[in-house]
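Have a look at the structure below before the remarks.
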């Protein structure tokens, strides 16, 4: 907060207007994600405020916007149905504690070790997810249907047609055009803010009929109520615990009966009005066992998405944020969110891109966005104004974000980078769309590691020097688990002389597999009554061998002791 007050390079106009723009775009997303999680809209709005404000003040990346996100909301849905909203708040608090611990342990540093193809896949996947979410806004007449495959109730709708689709498309294109072309004329005000206000005025003072934020919220509430009622009736018919197969693997999970009391609790406005309250759950090991799984998942998703968004913003602004500080701030934000009855959150790549494009570079833009959002929540006239914003205007804003976020250069790299790297990009993007970010990043890192190990396994080589009564193997490359097979194949114990030197000057011994490989090769020579001497080992390698002495039987020679032979 101090650097906010003492810095002189802040453009107050840009920061405040950018914050207002972000706040306008935050409202419908926070509400939508609340419905995704199966909770009251106020839970999402308060989460956007608490997480946005705290991370803006204390976070490690000025200009980055945080709030309630879809990535975290989707993993909350089934949990809320099974255990109720009080357990969700407790899980969010524990999630925050885990994130604080990760920040203190410096886990954020590992994000900077992620391969670039994983980063590209992450960015492209999120852009696609954001884009697909906007197309869902082009549906109407939503209803709730039971999905036999997933054994869950899904919200489905029909696509807009006729004049409604035409006018909606025109408003979307108009919004995108204003955002794109206005900066070419003037940069006095953010193009996104001008576009939202202009399209809102156009709809209000013309015969154009377009869905507004207020109408959208009412429709979402109605559909959510219908879904809640169908779930209640569905569970009442069972009356007991039911079991369903998961992914056709034969595993069974117990679904707790959702009572009428817990259902009404989920929509109790007094409980989710932003007031401080300890979650009303038993303080037992059983309760901890219920929330710890979700808390760990939320913490992982939140940290990965936030730290990768931080890295992206670093590249765009040519500056460097602090992953450690961001992790701790996000954890604190989630602890506060849970204590004040909201769903928590993490960094929002879409809103962060809006902020950066609108000129927001410092903490003030995020703080302003949070304060405006709080004003929208607490002041009815302002909320009524927000309700007048046409949904097509917000769709247009997000489509611009999609275009700006997607790494179009990655398409031109198709034939210019290794096929393994392109496969990682495609895999991470696809998994992000089909599943979630945490799984996508984990899969991308795993594939990249396997590719690296495979390539490195072929890089262990040796120059062989024959002498009168000895033989020298001069190794080159990293000796690790992936290279042990190639390492073993280098040697020919039966054909070698009585004394063999293995030269490690250009080789590093990396792990236990390498030690076992060395020990195995030496054992083969000993079985033939031949001597193997290891020379020119680095200090690290010597220490590694010394620690493994109880399980190793090797002879370490002096530096370059074979040169006189």
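Numbering (the working numbering), first residue to last: 256 to 820.
Cβ atoms here follow ideal geometry from the backbone N, Cα and C, with glycine treated the same way.
Keep in mind it's a predicted model, so treat the numbers as computed, not measured.
Buried is the label assigned to residue 482, since at least 16 other Cβ atoms lie within 10 Å of its Cβ.
Judged by beta-carbon spacing, residue 777 lies beyond the 7 Å limit of residue 733, meaning their Cβ atoms are not closer than that value. When DSSP reads this structure, residue 394 sits in a beta bridge with 414. Going by beta carbons, residue 659 and residue 603 fall outside the 7 Å limit.
Residue state for residue 574 is assigned as coil, using DSSP reduced to three classes.
If you look at residue 727, you'll find it in the beta strand (DSSP E) that goes 725-734.
Each residue's CA atom was taken as its position, placing residue 379 and residue 535 some 40 Å apart. When C-beta atoms of the stretch 333-341 are compared with those of the stretch 626-637, fewer than three pairs fall below 8 Å, so the two segments do not count as touching. In the displayed model, residue 750 falls within coil according to three-state DSSP, outside both helix and strand. Residue range 446-459 is occupied by the alpha helix (DSSP H) that includes residue 447. Beta-bridge annotation (DSSP): residue 321 is paired with 602.
Between residue 578 and residue 569, the C-beta gap is not smaller than 7 Å, which leaves the two residues out of contact.
Taking a C-beta distance under 7 Å as the contact criterion, residue 584 and residue 308 do not qualify as a contact pair. Within the same chain, 363, 554, 558, 582 and 586 come within 8 Å of residue 357 by CB-CB distance, once the 5 residues on both sides are set aside. Residue state for residue 372 is assigned as helix, using DSSP reduced to three classes.
Judged by DSSP in its simplified three-state form, residue 645 adopts strand. Between residue 589 and residue 366, the C-beta spacing is not below 7 Å. If you draw a 10 Å sphere on the C-beta of residue 546, you find 16 or more other C-beta atoms in it, and that means buried. In the displayed model, residue 421 falls within a helix according to three-state DSSP.
The three-state secondary structure of residue 660, taken from DSSP, is helix. For secondary structure counted as the beta strand (DSSP E) over 3 or more consecutive residues, the stretch 333-361 holds no complete run. Annotation: the continuous beta strand (DSSP E) that includes residue 718 extends over 716-721. Annotation for residue 715: 730, 731, 732, 733, 734, 738, 741, 742, 745 and 762 place their beta carbon closer than 8 Å to its own, counting only its chain and skipping 5 residues before and after. Under the three-state reduction of DSSP output, residue 312 falls in the helix class. Secondary structure of residue 331 (DSSP, three-state): coil. Taking all protein chains in view, the Cβ of residue 311 is crowded by 16 or more other Cβ atoms within 10 Å, so the residue is classified as buried.
Between the C-alpha atoms of residue 665 and residue 374 there is a straight-line separation of about 11 Å.
In the three-state scheme derived from DSSP, where H, G and I count as helix and E and B as strand, residue 758 is classed as strand. Counting the other Cβ atoms within 10 Å of the Cβ of residue 671 gives fewer than 16, which makes it exposed. Cβ atoms of residue 455 and residue 643 come within 8 Å of each other, at about 6 Å. Counting the other CB atoms within 10 Å of its CB gives residue 394 a total below 16, which places it among the exposed residues. Listed in chain order, the non-local C-beta contacts of residue 427 below 6 Å within the same chain comprise 647, 650 and 651, local neighbours out to five positions each way being set aside. Here DSSP, grouped into helix, strand and coil, assigns residue 789 to strand.
A direct Cα-Cα distance of roughly 24 Å separates residue 772 from residue 703.
Between residue 563 and residue 323, the gap from beta carbon to beta carbon reaches 7 Å or more. If you ignore the 5 residues before and after residue 288, its C-beta comes within less than 7 Å of the C-beta of 299, 323, 324, 325 and 328, all in its own chain and listed in chain order.
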